[in-house]
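Trainee:
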Amino acid sequence: MTGCETPPLKSTQDKFWKHISEEDLEKWEKQFFTDHEFETVRQLANMIIPTDERSGNAEEAGVPEFIDFTMLDRPSYQTPIRGGLNWLDIQCQKKFDNTFTDCTEEEKVAMLDEIAYPDDAKPEMQQGVSFFNRFRDLVASGFWSSKMGIEDIGYMGNQPYAWEGCSHEAMEHIGLADKKS
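In this note's numbering, the protein residues as written are 11 to 191.
#1: Would you kindly check if the distance between the Cβ of Phe-141 and the Cβ of Ile-58 is under 9 Å?
#2: At which residue ranges does the stretch 89-155 contain complete beta strand (DSSP E) runs of 3 or more residues, listed in the order of the chain?
#3: Between which two residues does the alpha helix (DSSP H) harbouring Asn-56 extend?
#4: Spatial neighbours of Thr-50 within its chain, please: C-beta separation below 6 Å, excluding the five flanking residues on both sides.
#5: With DSSP as the reference, label Ala-164 as helix, strand or coil.
#6: In chain order, what residues of the same chain lie with their CB nearer than 8 Å to the CB of Gly-66, ignoring the 5 residues before and after it?
#7: Does DSSP classify Tyr-87 as helix, strand or coil?
#8: Mapping DSSP to helix, strand and coil, what is Glu-69?
#9: Can you give me the C-alpha to C-alpha distance between Lys-132 and Asp-99, rounded to a whole angstrom?
#10: Helix, strand or coil: how does DSSP classify Thr-80 here?
#11: Rounded to whole angstroms, what's the CA-CA distance from Ser-156 to Glu-174? Just pull it up for me.
#12: Suppose the cutoff is 7 Å on Cβ atoms and the five residues either side in sequence are ignored; what does the same chain contact list for Asp-162 look like?
#13: With distances taken from CA atoms, which of Leu-82, Ala-71 and Gln-53 is nearest Phe-42?
#14: Does DSSP put Ala-180 in a helix, in a strand, or in coil?
#15: Nearest-angstrom Cα distance between Lys-37 and Gln-137?
#16: Pick helix, strand or coil for Gly-175, following the three-state DSSP scheme.
#17: So is Glu-47 buried or exposed if we call it buried at 16+ other beta carbons inside 10 Å?
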């Protein structure tokens, strides 16, 4: 755009994220979760959205902090999420003699494989399926609404463009176009 010193997209993103800095995330003190629960949230979120060639992982995007805040903002989520984290530890204790955070990567993956695919889950895993679906939604919401997530998908925000009207075919379809001979 003529007359602008910065590209509109970058300027808009910077303004939007001005109130949340990396320093703010580093200073965040958990307000809902216990230390153990927060570590479980961190590990689980990073398994759902790991680092890839385009962006960092869920933790680097501030997702654990987002989920901690969401628990305060949405009290109806507190029991299902806290209960789900406890359920996950109980299942890992039964299967692997460890809490989720102390399991090996292979054990964690095996546990999540039992609850991540609702159509394939055993009936006795339904509580875990319900928890994991909600938790995965929280992770996705936190990541894709973060600065990192928005940059990852290349979201450009509202962009002006030149409207040239409906195509001739569309106008014809609704009976408002002059028929060409």
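Backbone N, C-alpha and C define an ideal beta-carbon position, used for all residues, glycine too.
Mentor: Result, derived from the coordinates:
#1: no
#2: none
#3: 45-58
#4: Leu-95, Phe-110 and Thr-111
#5: Strictly speaking, residue 164 in this sequence is Gly, with Ala absent from that position. For Gly-164, the three-state secondary structure derived from DSSP is coil.
#6: Once the five neighbours on either side are set aside, the close Cβ partners of Gly-66 are Met-158.
#7: helix
#8: coil
#9: 18 Å
#10: Three-state DSSP puts Thr-80 in a helix.
#11: In a straight line, the C-alpha of Ser-156 is about 34 Å away from that of Glu-174.
#12: Only Arg-64 and Ser-65 meet the Cβ criterion.
#13: Leu-82
#14: helix
#15: Straight-line Cα distance between these residues: approximately 34 Å.
#16: Reduced to three states, the DSSP call for Gly-175 is coil.
#17: buried
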